[in-house]
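Just below is one structure, and these are the notes that go with it.
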Amino acid sequence: MDALINRIRGIARDLLREGKVDVVIGFEEGTIPFHSRPCFVRSPDEADRLIWNSFCENNLATYVVKRNERMGIVAKGCDTRALLELIKERQVIRDQIYIIGVPCEGMIDRVRVEAELRNRSIQTVEVREGTFLIMGKDFEKELEIKEFLYPSCQVCTRKNPVIYDELAGEEVEESVGETYPDIESFEGFSDEKRWQYFSEEMSRCIRCYACRNACPLCYCTECFVDASNPQWIGKSIDESDTALFHIMRAFHLAGRCVDCGACERACPLGIDIRKLNRKLSKDVLALFNYKAGISLDEVAPLATYRPDDSEAFILEP
Amino acid sequence: MAEPKIEKWEPKIVAFLCNWCSYAGADLAGISRIQYPNNVRIIRVACSGQVNPWFILANIQQGIDGVLISGCHPGECHYLTGNYRARRKFALLKNFLQFVGLEEGRVHFTWVSASEGVRFAKVIEKVTDIVRSLGPAKKLVKRI
Amino acid sequence: MKAKIIRKKDISGFLDRLIQAYRVYAPVMQNGYFLFKTIKSGSEASLNYHNTKMSPKDILFPQSEVLFRYQLDKRGVEIDAPAQDERDLVIFGIRPCDVRGIQALDKVFSKNPKDPYFEERRNRTVIVGLGCKENHNGCFCTAVGGGPCADDGSDLFLIDIGDEYLIRVISDKGEVFLKGEDLPDAETQKIAFAAVVAEKAQDALRPCVEVQGSEDILTQRFNDPVWDVISEKCIGCGVCTYLCPTCHCFDICDEAVNKEGKGIRIWDSCQYPLFTRQASGPNPRDTVGKRMRQRIMHKFVYFPDEQGMLGCTGCGRCVIECPVNLDIREVLNILLRTGAAR
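Chains as they are written, first to last, in this note's numbering: chain A, 663 to 979; chain B, 1266 to 1409; chain C, 18 to 359.
Written out as structure tokens, the structure reads:
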């Protein structure tokens, strides 16, 4: 890990020293355990603020949109997929960013760790080879990293950056195959069971829009929720309005969501948001043979068509 | 002697018909005096590709029991590719709404051309039957 | 001051009796975290927690509240106020930082013009506070004039003294509330022990920021570019404001379906980009730096100026839940030390 951190710092330092970028966006130490956080480094001497560890969970791609500076950006697998989509959608110019790719083996799910510790107070955490040690006021616990990865990291099939200018570390082994076992099993449930699950998850939503704001692909200056002429949905926590918010946000991300999991992590109430997005990703793959965040050359699925697209859903009298 | 009125629920169905094909087809059915259930309320749109998923969801929210979108057959779109775009959009939307638990028969998509008055009537009959069997809209309906 | 004793194992039964006559809100564990919920039985409540995910402000100031309903008919318009629950409220096991949050809301909603919706509930609410023995990583109540066992604002205040809770009777409302219960008076040594517990908890919270005198420095630094530097990583998610016990910005919307409709008040957030956008287009707070500045200035300058108390209670929810770890304690330290901002 230290070699990787030094490499990242070295690349950042050189970029800033040579004036190739105005800012390097990366991660720095947080103020509380289990939190690393985004940082913006603008001078070579500050490059030592940059770190890399199993708490670098934010998707930094969200910061490149509508930014006029030339940017270096430390990007893990999912971040680079989001960057690729943003480049495709012309929200950032490729030449404007220098992507420092970091192969990633997943980030630690602090919410599940806290639940595992039954909410006992955590004082420090130390990450080791494959495990992490938590120290509390009167306890110590060592856990396996692999057992406590975020749900999005557990199913990740693109741990290595898909686009980069320089790779800061050794590529890691990829899990092979795009599968959606969680969605398939959910599809096997009855209508009523699916509806009940969905309603229960939505009943916790407080319409804070953290999911939307954390998502790198949600960059509209005026979101459909803010529209008043016409007003598409009400803004209260009415169950119908809340359900439609999530349905439509997911639908607006159809074929664009890269399953980075930032939405799920930002949600303060732990709502299962990704299930909706993954269903659409699965269908986009099955119907249009397209996966978001992989290729710059493939046109977005809803911006094109094929004469032989599936008509299975069309009603025949 | 007036027959006593019996109140029985009848489904309310909204149909978005593209101006150049489906709407003309509905017109033809009317002119040809082909009978079809009067549960449907028709909204004319320029093209099936114009139909925003919000139109469908807003209808469902307001308690409409069934929604139909009908456009030109693929290859015959007045705007050349509008219905191709719609086809992709609605393939996804139909699966998605079903996934979250909305009854499968609430939202329908079909192709009806300007010369297919008979077909249009058959489509409306089929959609009305399906929606009637599902009962009044309950899921996603907004209660004031 | 009067004090009573209740055994921990008797709490559940006590709550069961309360439920007969009151709407009882207590901390309930669900999905791995705690929230204040109305309980139907005493066994649902748990006092073995740091703090709830959402502050209990939504008991008195709900996320969505119907202000009125209307119906159009041939004769005209019929307007109705929403039906109110007849039972009084008890907020049981609320932490001192959250009680202070209610005091902040009192300043806003109970002043002229009074907010009838808030008032109606507030007047019928009994607050049973719970002292903290341990803090979590975000806590800083002592830095903003509060404390883990600060009992002002509560009607009754519980302190954990082992197998029992000492109940400090703070207000007349609290005394009347306990009249029906046959609880033993607390012996002097238990009262003294509770004071020791409180002091220990207070000492355990190392001060992390000095808020005294901050009003002047913050006002001086109003136009300082440091605000943009500090808040660059903020993604405007608004979670800090939604979870905060004192934040109270709201929006009012009208919704209608055919001939009936309602007016609703919902939470809003000064951290949203469109919060200050005007109808004709201009937006005075169009950058993240300006919005963050507003948040800090409001809590530490404007609110104290207008209401005589800080707008921050040190509960630490914004610290723990912020997706990018924008730590308000760190922000204050940067601003107040006139040192280099990172």
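Using N, Cα and C, we set each Cβ at its ideal position, and we do this for glycine too.
Within-8 Å CB hit, residue i to chain B
i      : result
C:V436 : The structure shown does not extend to residue 436 of chain C, since chain C is modelled only from 18 through 359, so no value can be given for it.
C:G162 : no
A:E849 : yes
A:F913 : yes
C:R359 : Because C:R359 sits at a pLDDT of 44, beneath the cut-off of 50, its placement in the model cannot be relied upon, and the point is left open.
A:A674 : no
Nearest neighbour of residue i, chosen from the options [CA to CA]
i       : options                               : result
C:N65   : C:K74, C:V45, C:R138 and C:A209       : C:V45
B:R1397 : B:A1351, B:I1329, B:I1296 and B:A1294 : B:I1329
B:V1406 : B:F1355, B:A1323 and B:G1295          : B:A1323
A:K732  : A:N715, A:R756 and A:N721             : Correcting the residue identity first, residue 732 of chain A is Arg in this sequence and not Lys. With distances taken between Cα atoms, A:R732 lies closest to A:R756.
A:E929  : A:C880, A:L964, A:E708 and A:I868     : It should be noted that the sequence gives Cys, not Glu, for residue 929 of chain A. Comparing Cα positions, the closest option is A:I868.
C:I108  : C:R346, C:V336 and C:L77              : C:L77
B:F1364 : A:L938, A:K953 and A:R699             : A:L938
C:I36   : C:R104, C:E82, C:L84 and C:A98        : C:R104
A:I976  : B:C1337, B:P1401 and B:L1345          : B:C1337
B:Q1326 : C:V348, C:F320 and C:E272             : C:E272
C:Q47   : A:V685, A:I933 and A:V961             : A:I933
A:M769  : A:Q753, A:L748, A:Q816 and A:E804     : A:Q816
C:A160  : C:E204, C:H153, C:E227 and C:N154     : C:E227
B:E1341 : B:R1352, B:S1335, B:W1274 and B:S1378 : B:S1378
A:I735  : A:L906, A:V686 and A:G681             : A:V686
C:I23   : C:G93, C:G162 and C:E198              : C:E198
A:L947  : A:E973, A:E840 and A:R968             : A:E840
C:C257  : C:N342, C:K25 and C:I208              : C:N342
C:Y182  : C:G164, C:D189, C:A215 and C:D220     : C:A215
Proximity test, Cβ basis, 8 Å: residue i and chain C
i       : result
A:C882  : no
B:I1329 : no
A:A777  : yes
B:I1278 : no
A:S705  : no
A:I735  : no
Sequence-distant residues of its chain with Cβ nearer than 6 Å to residue i (five each side left out)
i       : result
C:K316  : G328 and C329
B:Y1288 : L1282 and R1309
C:V145  : F109 and L173
C:K54   : V45
C:V336  : G155 and D344
Per DSSP, cross-strand counterpart(s) of residue i
i       : result
A:V789  : A:F794
A:R782  : Looking at the DSSP assignment, A:R782 forms no beta bridge with any residue, so it has no partner.
C:D271  : C:G280
A:Q758  : DSSP lists no partner for A:Q758.
B:V1372 : B:V1332
C:A62   : C:V45
B:K1359 : B:K1359 is not bridged to any residue.
C:P165  : C:P165 pairs with nothing; no bridge assigned.
B:D1292 : Its beta-bridge partners do not exist; DSSP assigns none.
C:F51   : C:M46
A:K803  : A:I796
Rounded distance between the beta-carbons of residue j and residue i, thought under 8 Å
i       : j       : result
A:I673  : A:V726  : With 8 Å as the limit, A:I673 and A:V726 do not qualify as a contact, their Cβ atoms being about 17 Å apart.
A:G688  : A:P765  : Wrong, their Cβ atoms sit about 15 Å apart, outside the cutoff.
B:P1318 : A:F860  : 17 Å between Cβ atoms; not a contact.
A:L746  : A:V754  : Contact flag wrong, Cβ pair sits at about 10 Å.
C:N152  : C:L222  : 5 Å
C:F267  : C:I247  : With 8 Å as the limit, C:F267 and C:I247 do not qualify as a contact, their Cβ atoms being about 27 Å apart.
B:I1389 : B:P1302 : 6 Å
A:L712  : A:I670  : 5 Å
A:I796  : A:V787  : 5 Å
A:A954  : A:R918  : 5 Å
7 Å CB neighbourhood of residue i in its chain, flanking five on each side removed
i      : result
C:Y289 : G253 and G255
C:G280 : L84, F85, I269 and D271
C:R312 : C287 and Q288
Any chain A beta carbon closer than 8 Å to residue i
i       : result
C:N350  : no
C:L35   : no
B:G1366 : yes
B:Y1288 : no
C:E323  : no
B:N1360 : yes
B:P1302 : no
Residues near residue i by beta carbon distance below 8 Å, same chain, minus five either side
i       : result
A:G798  : L779, R782, S783, I784 and Q785
B:P1339 : N1348, Y1349, R1352 and W1376
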